[in-house]
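Novice: In my numbering, the protein residues as written are 1166 to 1811.
The beta-carbon is built from N, C-alpha and C at its ideal position, and this holds for glycine as well.
No experiment lies behind these values; they were computed from the predicted model shown.
Here's a structure for you.
Printed below as a string of structure tokens:
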């Protein structure tokens, strides 16, 4: 008994010690959980394939997820601006074991870019193999934006000082006792200022303008600078300095009373060009004479051309002198008879409006007609009577020939289109007849097969059962083809449809299958073929899922406009390389007769409803544990009026 009591006492002490360790462990775990959950940084753990294994609320908030669960269903690679960054990060962790204080651009869930600073370490196995990564980030976007803005401002300031095209000056206004501006003190100028004025920067800074320039030339400049500096109103003006033989265009503004900032450009060349332009009408005439279009001016009172470009000879074969000699009657006589009335009507209209456009055929000197396009204006005299008509004549003969050829081709295409429509109607008639007659034949064959089932035994009974299944499959294929033809026959007549009622009705068709669905009343934009979507998806799960397959149907909101419907099963799943092709018609030779039409029908129906269809692994990354077909449907309350009317 003494030994037993001693052993019991020892066990009690060990139990008390274990309880103390357990409580300490529980407290440590609670502190860790609080630290993880309440941390202001976004903490996360990821697998090598990018799956997010754990994250805290700060991570959810930073990347714009609705919940931790939503984040855990996301691959972290989707949050990278450049998918290659993920491979770079893993390679660096394998090499350096960790990444510290790296600034990176990442994407939020909605696609917006944010700048983050991240610290990531790797967890390695005994053999040194990288198993997973864990780390934390914080949103550095505001600091980054402030830094970029500061950098932009500094760059703007640097460019303002170093801009080789714009001179810069920062000045203080000197006033007399009455506050009137009398001088300007230069505090800062850039190198372009030196180039534009021919003055040296060191000889300008901290000196007055009256000490640098001719006083009679800068009186107005001092007055303008003073007005800007004292009133704060900016000014833009042109200013000459005859002593420098320069013209400047100046923009002056004030950010501090009593001081003025001026940017100016040297417009000496432009001013000289303007002067030269005013004195050189011949250059303008040369441009007209070298143009491929003929410019003209006709004196309507004198009934003759005052001017005609030499290029008219290339267009019509007549020299400008020969055209000038033609009176109105001779000009009209060369216009194609079919075009004379439209030309006369347009000229009468243009007399009132002042401008017009003529397109007509004109008989050239060689006797052939050329198509001309004439943009013209009418200049009236002081009492409003037409005095001159001037314009530009362009030869558009080749363009007209091309247009006529296009019209002929368009007519031919229209005829071909009509023929195709006729052939389409005829083909549809044949298909209707074939569908009807084949359907009747299949129904009769099915009736005889049912009679034979009860009449034969043994091996023959098996043959009859196979025959009956083949006939049923043929009837199913014919029904699917008819539905596809109905879909393609015309625009959809979509309306508000009770999604819950459709799902419940289709579940009832599979009484022997375990189907989990939590109903909720939802209205979607669809038609009476919506049931085919669920019949095919549930039927596929039952057909390919094997014995004991379980099916689940989930409906949840996707944004403000769509519902996301998912039909998932616990079957054998779909390999990644087949997740796209299963929605196409007969693209896999492994399929039997009629296979491939069901999912194709589902896809075109979802397209018809304005949604999208795709398939994923029921368990992400484990294709052998079942498939999940998801598609989007529009909720009626959020559908625009024009969509409801389609």
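Hey, how far is the Cα of residue 1223 from the Cα of residue 1232?
Specialist: 10 Å
Novice: Quick check: what's the CA-CA separation for residue 1469 versus residue 1541?
Specialist: 16 Å
Novice: Measure the alpha-carbon distance for residue 1504 versus residue 1584 and round it to whole angstroms.
Specialist: Distance between the alpha carbons of residue 1504 and residue 1584: 36 Å.
Novice: To the nearest angstrom, how far is it from the Cα of residue 1659 to the Cα of residue 1797?
Specialist: When rounded, the distance between both Cα atoms is 15 Å.
Novice: Kindly indicate which residue of 1433, 1422, 1426 has the alpha-carbon position closest to the one of residue 1407.
Specialist: 1433
Novice: Where does residue 1774 sit, in a helix, a strand or coil, going by DSSP?
Specialist: In the three-state reduction of the DSSP assignment, residue 1774 falls in the coil class.
Novice: Roughly how many whole angstroms lie between the Cα atoms of residue 1424 and residue 1329?
Specialist: 24 Å
Novice: Over what stretch of residues does the alpha helix (DSSP H) that includes residue 1498 continue unbroken?
Specialist: 1493–1498
Novice: How is residue 1753 classed by DSSP in three states: helix, strand or coil?
Specialist: Note that residue 1753 has pLDDT 43, beneath the 50 cutoff, so the model's placement of it is unreliable and the number below is only indicative. In the structure shown, residue 1753 sits in coil (DSSP, three-state: anything other than H, G, I, E or B).
Novice: Taking its Cβ as the centre, do 16 or more other Cβ atoms sit within 10 Å of residue 1755, making it buried, or is it exposed?
Specialist: Summary for residue 1755: the model assigns pLDDT 40, below 50, so the residue's position carries little reliability; its value from the coordinates is reported in the next sentence. The residue is exposed, with fewer than 16 neighbouring Cβ atoms inside 10 Å.
Novice: Please say whether residue 1270 and residue 1257 have beta carbons closer to each other than 8 Å?
Specialist: no
Novice: Is the stretch 1760–1774 touching the stretch 1669–1687 in the sense that three or more CB pairs, one from each, lie closer than 8 Å?
Specialist: Here the stretch 1669–1687 does not lie against the stretch 1760–1774, with fewer than 3 beta-carbon pairs under 8 Å apart.
Novice: Secondary structure at residue 1479, three-state DSSP: helix, strand or coil?
Specialist: helix
Novice: Roughly how many angstroms separate the alpha carbons of residue 1177 and residue 1201, rounded to a whole number?
Specialist: 35 Å
Novice: Cβ of residue 1568 within 7 Å of any heavy atom in the ligand HEM?
Specialist: The model depicted lacks the ligand HEM and carries no ligand whatsoever.
Novice: Please report how far the alpha carbon of residue 1313 lies from the alpha carbon of residue 1354, in whole angstroms.
Specialist: 26 Å
Novice: For residue 1555, name the three-state secondary structure that DSSP assigns.
Specialist: It is a strand residue.
Novice: Mark residue 1426 as exposed unless 16 or more other C-beta atoms lie within 10 angstroms of its C-beta, in which case mark it buried.
Specialist: Residue environment for residue 1426: buried (at least 16 other C-beta atoms within 10 angstroms of its C-beta).
Novice: Considering only DSSP beta bridges, list what residue 1473 is partnered with.
Specialist: 1461
Novice: What residue range is occupied by the uninterrupted beta strand (DSSP E) comprising residue 1237?
Specialist: Here residue 1237 belongs to no beta strand (DSSP E); instead the alpha helix (DSSP H) covers 1233–1237.
Novice: DSSP beta-bridge partners for residue 1628?
Specialist: Beta-bridge pairing links residue 1628 to no other residue.
Novice: From what residue to what residue does the alpha helix (DSSP H) around residue 1518 run?
Specialist: 1502–1518
Novice: For residue 1493, which residues in the same chain have their Cβ closer than 7 Å to its Cβ, ignoring the five residues on either side in sequence?
Specialist: 1468
Novice: Going by C-alpha to C-alpha distance, which of 1457, 1520, 1622 sits closest to residue 1560?
Specialist: 1457
Novice: Go to residue 1244, then tell me how far its beta strand (DSSP E) extends in each direction, as first and last residue.
Specialist: Unbroken run through residue 1244: none, as it is neither H nor E.
Novice: Please name the residue, chosen from 1793, 1459, 1778, that lies closest to residue 1785 on a Cα-to-Cα basis.
Specialist: 1793
Novice: Going by beta carbon distance, what residues of the same chain come within less than 7 Å of residue 1414, once the five residues before and after it are set aside?
Specialist: Cβ within range, chain order: 1403, 1429, 1430, 1432.
Novice: Quick one: residues in its chain with C-beta nearer than 7 Å to the C-beta of residue 1436, no 5 flanking neighbours on either side, listed in chain order?
Specialist: The answer, listed in chain order, is 1412.
Novice: Pick helix, strand or coil for residue 1358, following the three-state DSSP scheme.
Specialist: helix
Novice: Please classify residue 1789: does DSSP put it in a helix, a strand, or coil?
Specialist: strand
Novice: Is the number of C-beta pairs between the stretch 1478–1494 and the stretch 1510–1523 that are closer than 8 Å three or more?
Specialist: no
Novice: On the three-state DSSP scale, how would you describe residue 1760?
Specialist: Below a pLDDT of 50, predicted positions are generally treated as unreliable, and residue 1760, at 47, falls in that range; the measurement from the model is reported next regardless. In the structure shown, residue 1760 falls within a coil segment according to DSSP collapsed to helix, strand and coil.
Novice: If we ignore side chains and look at the alpha-carbon of each, how far apart do residue 1722 and residue 1689 end up?
Specialist: 12 Å
Novice: Here's the rule: buried if 16 or more other CB atoms are within 10 angstroms of the residue's CB, otherwise exposed. What is residue 1342?
Specialist: exposed
Novice: Which first and last residues belong to the alpha helix (DSSP H) in which residue 1266 is found?
Specialist: Residue 1266 -> not in any alpha helix (DSSP H); beta strand (DSSP E) instead, spanning 1263–1272.
Novice: Less than 8 Å between the CB atoms is what I'm expecting for residue 1729 and residue 1789, so what's the real figure, rounded?
Specialist: 24 Å between Cβ atoms; not a contact.
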